[in-house]
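Visitor:
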Amino acid sequence: MKSALFPGSFDPLTLGHYDIIKRGITLFDEIIVAIGVNSDKKYMFSLDERKKFIEEAFADEPKVKVRTYKGLTVDFCKEIGVDFILRGLRNPADFEFEKAIAHTNRSLSEIETVFLLTSSRTSYIASSIVRDVIRNNGDYTKLVPDSVRVK
Ligand code: ADP
0 MKSALFPGSF DPLTLGHYDI IKRGITLFDE IIVAIGVNSD KKYMFSLDER
50 KKFIEEAFAD EPKVKVRTYK GLTVDFCKEI GVDFILRGLR NPADFEFEKA
100 IAHTNRSLSE IETVFLLTSS RTSYIASSIV RDVIRNNGDY TKLVPDSVRV
150 K
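Those letters in the sequence shown? Residues 0 to 150, by numbering that gives the first Met the number 0.
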């Protein structure tokens, strides 16, 4: 079975992530959405909330699993026997950043990173922008799947 890990903070899941995951399952048998836990980072949504948003968004999609992990992404891939990392590319800044990470991961392991270009409809969306809209009481619902709702 060909599985790919889609790692990130998902604070919160956006329509951009959703698009990459949906397209990822046409290429892989299974997409493991992996929420990285970084104790130094402050999040808007708790780990439980972030996990629930993703699980609910893909409740009808058995090819999508959600896991949380600490430490290096490549170590988690090895631990669960996954050979591919899936990442989304929005713009040249993403490309430069992702290139460095992918080369580093490749030097640490045999794991290949597979990139999908974002769809034009969602390429401008970032979790940081969604958080900003939420903080300022804007309508964030156009930027996220229905499962993401602020209480
Ligand atoms: P990180 O903590 O690594 O910044 P994110 O949750 O922001 O994690 O992103 C995880 C992955 O989703 C990355 O590969 C990122 O490029 C991708 N991504 C984020 N926003 C979008 C978007 N609007 N369209 C496509 N991919 C996206």
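We treat Cβ as the ideally placed atom computed from N, Cα and C, and that holds for glycine.
Within 6 angstroms: the Cβ of residue 16 and any heavy atom of the ligand ADP?
Guide: Under cutoff, so the answer is yes.
Visitor: Give a single yes or no on whether residue 87 has its beta carbon closer than 6 angstroms to a heavy atom of the ligand ADP.
Guide: Yes - the ligand ADP has a heavy atom lying nearer than 6 angstroms to the Cβ of residue 87.
Visitor: Which runs of the beta strand (DSSP E) at least 3 residues long sit entirely within the segment 54 to 113? Give them in chain order.
Guide: The segment 54 to 113 contains these whole beta strand (DSSP E) runs: 63 to 68 and 83 to 88.
Visitor: Under 7 angstroms between the Cβ atoms of residue 52 and residue 32?
Guide: Result no, Cβ atoms of residue 52 and residue 32 do not sit closer than 7 angstroms.
Visitor: Can you find the residues in the same chain that come closer than 8 angstroms, C-beta to C-beta, to residue 104, ignoring five residues on each side of it along the sequence?
Guide: Only 72, 73, 84, 110 and 112 meet the Cβ criterion.
Visitor: According to DSSP, is residue 137 helix, strand or coil?
Guide: Coil.
Visitor: Contact defined as beta carbons within less than 8 angstroms: I believe residue 122 pairs with residue 86. What is the distance between those atoms, to the nearest angstrom?
Guide: Incorrect: roughly 14 angstroms between the Cβ atoms, too far for contact.
Visitor: Please determine, among 18, 10 and 8, the residue with the shortest C-alpha to C-alpha distance to residue 118.
Guide: Minimum Cα distance to residue 118 is reached at 18.
Visitor: Hey, how far is the Cα of residue 62 from the Cα of residue 23?
Guide: Roughly 10 angstroms separates the two Cα atoms.
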